[in-house]
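Residue numbers (this note's numbering): 12 to 210.
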């Protein structure tokens, strides 16, 4: 099944109907001490209906929601783009090929990395190195950390090390946090991890 067909038929179990609570926790919890940029460009690849992109726009970032599915982007635009017309936009395009213009200060990955089988992950890492600005942040809600067979997916099982291995050199892990706000059914199989790209 294609991603677009999944959206047309509403077979989207990853769509929780709202922003991922750990993303809000990262920005709003006093328990997390991390120097986040106050402004800049943000990207949410595999944005779906755009809940997380909408949140980043509300924080003051010029935000782009990207999805391979035109149907997902149509749904995002229908429900959310009008709320921040000057700072939030959505496009249907290929993450590996889209024209991103200038690099992003923040990229947020939730259920995106886990959509790729192991052999595609180096290409994901290479692309992140191209689109994240020097000193910029890759925020990953690593999921599902469940130890399943590597070929069983999507979503394909991940661990924090698989992100680092795919990114390669030039990145510093600045946060590895067990979210206090994760949904109960997935709390034990996800972590909030932030990497900073070298300047």
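Heads up, the beta-carbon is just placed ideally off N, CA and C, and yes, glycines get one too.
What is the DSSP secondary structure of residue 43, counted as helix, strand or coil? As a working note, residue 43 is residue 32 in the chain shown. Note: residue 43 maps to coil in three-state DSSP.
Residue 115 burial status per 10 Å Cβ neighbour count (16 or more: buried): The residue you call residue 115 lines up with position 104 of the chain shown. Result: buried.
What is the rounded straight-line gap between the Cα of residue 72 and the Cα of residue 199? Residue numbering aside, residue 72 sits at position 61 when the chain shown is read from its first letter. Residue numbering aside, residue 199 sits at position 188 when the chain shown is read from its first letter. C-alpha separation (whole angstroms): 30 Å.
For the region 91 to 102 and the region 63 to 79, state whether three or more C-beta atom pairs, one from each stretch, are separated by less than 8 Å. yes
Identify the residues that DSSP records as bridge partners of residue 117: which are they? One-based indexing of the chain shown puts residue 117 at position 106. In the DSSP output, where bridge partners are listed per residue, residue 117 has 53 and 148.
Best match in 120, 121 and 62 for proximity to residue 88 [C-alpha to C-alpha]: As a working mapping, residue 88 is identified with position 77 in the chain shown. Nearest of 120, 121 and 62 to residue 88, Cα basis: 62.
Outcome for residue 127 when other beta-carbon atoms lying within 10 angstroms are tallied against a minimum of 16: Here residue 127 is taken as the residue at index 116 of the chain shown, counted from 1. Under this definition residue 127 is a buried residue.
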